[in-house]
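Protein sequences appear in the order of chains X and V. Our numbering applies: residue 3 is where the first sequence begins, and numbers increase by one. Our numbering applies: residue 75 is where the second sequence begins, and numbers increase by one. Ideal Cβ positions, reconstructed from N, Cα and C, are used throughout, including at glycine. Predicted model, so just to flag it, every value in this text is computed and none were measured. So the structure is just underneath, and the comments pick up after that.
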Amino acid sequence: MARMLSFKDAINEALDQEMARDESVIVMGEDVVGGTGSPGEDDAWGGVLGVTKGLYAKYGERMMDTPLSESAYVGAAIGAATCGMRPVAELMFVDFFGVCMDQIYNQAAKFRYMFGGKAETPVVIRCMVGAGFRAAAHHSQMLTSVFTHIPGLKVVLPSNAYDAKGLLIQAIRDNDPVIFCEHKMLYGTEADVPDEAYTIPFAEAAIAREGSDVTVVSLGAMVGKSLEAADALAKDGISCEVIDLRTTSPMDEDTVYESVEKTGRLVVVDESHPRCSIASDVSSLVAQNCFSSLKAKIEMVNAPHVPPPFAANLEDMFIPDAGKISEAVQAVAA
Amino acid sequence: MGSASPFPLNKEELLKVYRTMRSIREFEERVHLEFAKGGIPGFVHLYAGEEANAAGIMYHLTSDDRIASTHRGHGHCIAKGVDIHGMMAEIYGKGTGVCAGKGGSMHIADLDTGMMGANGILGAGAPLVCGAALAAKFKGDKGVAISFVGDGASNQGTMLESLNLATVWNLPAIFVVENNGYAESTSAEWAVSCDSYVDRAAGFGMPGVSVDGFDFFAVYEAAGEAVKRARNGGGPSLMECRTGRFFGHFEGDAQTYRADNEVDQLRTENDCIKIISKKVTDAGVIEQGELDAIDKEVLALIDDAVEKAVAAPPPAPAELHTDVYVSY
Chain X
3 MARMLSFKDA INEALDQEMA RDESVIVMGE DVVGGTGSPG EDDAWGGVLG
53 VTKGLYAKYG ERMMDTPLSE SAYVGAAIGA ATCGMRPVAE LMFVDFFGVC
103 MDQIYNQAAK FRYMFGGKAE TPVVIRCMVG AGFRAAAHHS QMLTSVFTHI
153 PGLKVVLPSN AYDAKGLLIQ AIRDNDPVIF CEHKMLYGTE ADVPDEAYTI
203 PFAEAAIARE GSDVTVVSLG AMVGKSLEAA DALAKDGISC EVIDLRTTSP
253 MDEDTVYESV EKTGRLVVVD ESHPRCSIAS DVSSLVAQNC FSSLKAKIEM
303 VNAPHVPPPF AANLEDMFIP DAGKISEAVQ AVAA
Chain V
75 MGSASPFPLN KEELLKVYRT MRSIREFEER VHLEFAKGGI PGFVHLYAGE
125 EANAAGIMYH LTSDDRIAST HRGHGHCIAK GVDIHGMMAE IYGKGTGVCA
175 GKGGSMHIAD LDTGMMGANG ILGAGAPLVC GAALAAKFKG DKGVAISFVG
225 DGASNQGTML ESLNLATVWN LPAIFVVENN GYAESTSAEW AVSCDSYVDR
275 AAGFGMPGVS VDGFDFFAVY EAAGEAVKRA RNGGGPSLME CRTGRFFGHF
325 EGDAQTYRAD NEVDQLRTEN DCIKIISKKV TDAGVIEQGE LDAIDKEVLA
375 LIDDAVEKAV AAPPPAPAEL HTDVYVSY
């Protein structure tokens, strides 16, 4: 039975159900329990935004607070994954990858290849991404494309609570390292989410809205903004097909190509900076594979090539919005 | 007929130790020669001179115990039981290599024997070992995990963070610093801020011990205590092995940063294989002829490994694209 559940609670439920199903699933990170060794409540926080709240009471020592030491505990999660565990390491903000990137891109991503196919590293690294929290340059980035570039990693960026649950369960059951990106502005958004455990396969994009004039490819929090733009554009007689990539590695290219072959027009909406982004990647792939179908130049809607700013007016300008998406669609539809 | 052994190991065990140390030495001396001839691609970092550490520590482990090695990893592999033919073929970049020719000297790994990999990133093994130790703790199988670093990587944040984490989580982990005096060309005397690694152990709340890494028995005994403590739930330890390498940082290193007679002196006065040989023969436990026989067998094994590695085919071209993911 489905009921309305928030994105945040959907993540919690996915972890809960997988921990109940499989004893090798363990969760570690700074404050994922919150309060270990402190004089007050043991389970005080349950994650910095409360995403893992309540799991400590059910799973005890399988929920592990860590010292503030990303290299050590992300590396430990990766090492434990090669020894038969299925760790979910929470990195809190994606911006902190800088201090433990070696463990991710040189170790986890490469074991299987370097070791001649003999290693499996079923680790999930959860992290919050994206701007909008007035959290400034060290807590607001969208680094999805950095991980997408690295062979050996899988990269997930859900746009809604239903997908968040199914994709996280898939990530935990997957036998490769997965970077699971959660847009912090989506935590409070709700969707119909089934009670039972279910998976959503990677590399299966969703068609969030069917349309015939312009293909709008988006992901994460940009899906909602693209749908908002599509609603407004429909009133002007422009029919947008909005595609939610859901995963960027592996990525469902076929759904994008089929849509572009139908519409002949492409706008890609991505909250990361434009250079070497998911937007530029999708644009390049479409140019290579659907060139003869294109009736107009491709438009990209990105954050600008600047760090996320603090001041509210600047951050609002930084994040792509429905207005900018509509302008891009109108430019290619003209 | 040998006398009763005054050592903690009996004759048969001592012969096994000697074979391990001699295999490492012969392997490395041969790789040195073959590299100079141009037969081996890439970078190789040789372990010759440090054999007592690998042999003395690994003697206490089973294939269920995990180790994470360094860029100077051949000795750790051999002592952990990785197949010598597979290793040699790997170093030659052949499809018959233990990693199918896709890892090379700096990434030799064999999870079946508990060898989690040599590592091109210095200090990267320490967090991984925390994970292996954590897995052993969850499984309750009394397994231990050992991280090797050199004096250079002992200064890495990953290493220092791992020491802290291992104590906080009370992990069955052992951190071995093989101090051969140099991080590439930079002296440990200069680059390591403390007088003794034992001081660092104390700072991270774990026991620390510094041993003469040229003396197999000193390493064996200290490692034995650390392994026993870890297996019994007593938590992590730090161990420094004061050692020296016979060759440069990598093959091709002119080693002009070393004193003129330093390597000669190492080879004559501090050769761990000569030292253990003298001890066991002087005690009358083993005869020189028995050691010579092992030398001959090891030489034949390494000859055969080189011959087969040279003759082996490179990986099939299709292998370029395989084994990136379990599924994609």
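Residue i versus residue j - alpha carbon distance
i: glutamate 184/X; j: histidine 150/V; result: 41 angstroms
i: histidine 275/X; j: glycine 326/V; result: 44 angstroms
i: leucine 196/V; j: histidine 145/V; result: 7 angstroms
i: tyrosine 133/V; j: alanine 333/V; result: 33 angstroms
i: cysteine 315/V; j: phenylalanine 324/V; result: 20 angstroms
i: proline 203/X; j: valine 337/V; result: 59 angstroms
i: valine 195/X; j: lysine 167/X; result: 8 angstroms
i: valine 380/V; j: glutamate 108/V; result: 9 angstroms
i: alanine 383/V; j: threonine 232/V; result: 35 angstroms
i: glycine 277/V; j: aspartate 97/X; result: 30 angstroms
i: phenylalanine 135/X; j: leucine 287/X; result: 32 angstroms
i: glutamate 20/X; j: isoleucine 171/X; result: 7 angstroms
i: asparagine 306/V; j: glycine 116/V; result: 42 angstroms
i: leucine 340/V; j: aspartate 377/V; result: 26 angstroms
i: methionine 75/V; j: glycine 188/V; result: In this prediction, methionine 75/V has a pLDDT of 45, which is less than 50 and means its spatial position is unreliable; what the coordinates show is noted afterwards. In a straight line, the C-alpha of methionine 75/V is about 37 angstroms away from that of glycine 188/V.
i: arginine 128/X; j: glutamate 212/X; result: 31 angstroms
i: leucine 2/X; j: serine 143/V; result: Outside the displayed span of chain X (3 to 336) sits residue 2/X, for which this structure offers no information.
i: tyrosine 58/X; j: arginine 64/X; result: 8 angstroms
i: aspartate 254/X; j: glycine 177/V; result: 30 angstroms
i: alanine 296/V; j: isoleucine 181/X; result: 41 angstroms
i: aspartate 100/X; j: leucine 145/X; result: Checking the sequence, you will find glycine at residue 100/X rather than aspartate. Approximately 11 angstroms, taken between the alpha carbons.
Local Cβ density within 10 Å of residue i, reported as buried at 16 or more and exposed below that
i: proline 41/X; result: exposed
i: glutamine 105/X; result: buried
i: asparagine 193/V; result: buried
i: cysteine 102/X; result: buried
i: leucine 394/V; result: exposed
i: methionine 94/X; result: buried
i: glutamine 290/X; result: exposed
i: arginine 319/V; result: buried
i: leucine 120/V; result: buried
i: arginine 5/X; result: exposed
i: valine 285/V; result: buried
i: asparagine 253/V; result: buried
i: asparagine 162/X; result: buried
i: arginine 23/X; result: exposed
i: serine 214/X; result: exposed
i: valine 270/X; result: buried
Beta-carbon neighbours of residue i, restricted to chain X and to distances below 8 angstroms
i: alanine 198/V; result: Gly77, Asp104, Gln105, Asn108 and Gln109
i: asparagine 238/V; result: Pro69, Ser71 and Ala74
i: methionine 190/V; result: Gly81 and Thr84
i: glycine 277/V; result: What glycine 277/V touches in chain X: nothing, since even the nearest Cβ is about 14 angstroms away.
Contacts of residue i in chain V (Cβ-Cβ under 7 angstroms)
i: serine 73/X; result: Pro201, Gly231, Thr232 and Glu235
i: threonine 150/X; result: The premise fails here: threonine 150/X is roughly 13 angstroms from chain V at the closest Cβ pair, so nothing lies under 7 angstroms.
i: glycine 119/X; result: Ala174, Thr396 and Asp397
Contact set between residue i and chain V, taken where Cβ atoms lie within less than 9 angstroms
i: arginine 114/X; result: Asp397, Val398, Tyr399 and Val400
i: phenylalanine 98/X; result: Chain V residues near phenylalanine 98/X: none, gap ~13 angstroms exceeds 9 angstroms.
i: proline 153/X; result: Val398 and Tyr399
i: methionine 87/X; result: Gly205, Leu208, Ala209, Phe212 and Lys213
i: isoleucine 202/X; result: What isoleucine 202/X touches in chain V: nothing, since even the nearest Cβ is about 15 angstroms away.
Chain-ordered chain V contacts of residue i [CB-CB under 8 angstroms]
i: aspartate 122/X; result: For clarity, residue 122/X is glutamate in the given sequence; the question names aspartate instead. In chain order: Val400.
i: isoleucine 280/X; result: The contacting residues do not exist; isoleucine 280/X stays about 18 angstroms from chain V at best.
Closer than 9 angstroms at the beta carbon, the chain X residues around residue i
i: phenylalanine 324/V; result: Going along chain X, no residue has its Cβ under 9 angstroms from phenylalanine 324/V, so there is no contact; the nearest lies around 19 angstroms.
Partners in chain X for residue i, counting only beta-carbon separations shorter than 7 angstroms
i: valine 242/V; result: Pro69
i: leucine 208/V; result: Ala78 and Ala82
i: isoleucine 195/V; result: Asp104 and Asn108
Short-range partners of chain V found in the segment 232 to 259 of chain X, where Cβ spacing is below 8 angstroms
Pro252
Those runs of the alpha helix (DSSP H) which lie wholly inside the segment 277 to 312 of chain V and span at least 4 residues:
290 to 305
Between the segment 157 to 184 of chain V and chain X, which residues of the former have a C-beta closer than 8 angstroms to a C-beta of the latter?
Gly171, Val172, Cys173, Ala174, Gly175, Lys176, Gly177, His181, Ala183 and Asp184
Short-range partners of chain X found in the segment 134 to 159 of chain V, where Cβ spacing is below 7 angstroms
Arg140
Along the segment 163 to 191 of chain X, where does the CB come closer than 7 angstroms to a CB of chain A? Name the residues.
Structure shown: chain A not included; protein chains present are X and V.
I'd like the ranges of any alpha helix (DSSP H) spanning at least 4 consecutive residues and lying wholly in the segment 219 to 257 of chain X.
223 to 237
In chain order, what are the residue ranges of uninterrupted beta strand (DSSP E) at least 3 long that sit wholly in the segment 160 to 248 of chain V?
219 to 224
I'd like the ranges of any beta strand (DSSP E) spanning at least 3 consecutive residues and lying wholly in the segment 295 to 331 of chain X.
301 to 303
Whole beta strand (DSSP E) elements within the segment 81 to 106 of chain X, 3-residue minimum:
88 to 95
Can you check the segment 113 to 188 of chain X for any alpha helix (DSSP H) of at least 4 residues that lies completely inside it and give the ranges in chain order?
113 to 116, 146 to 150 and 163 to 175
With a floor of 3 residues, list each beta strand (DSSP E) that falls wholly inside the segment 110 to 155 of chain V, ordered by position along the chain.
140 to 142
Which complete beta strand (DSSP E) runs does the segment 307 to 350 of chain V hold, if anything under 3 residues is left out?
311 to 316
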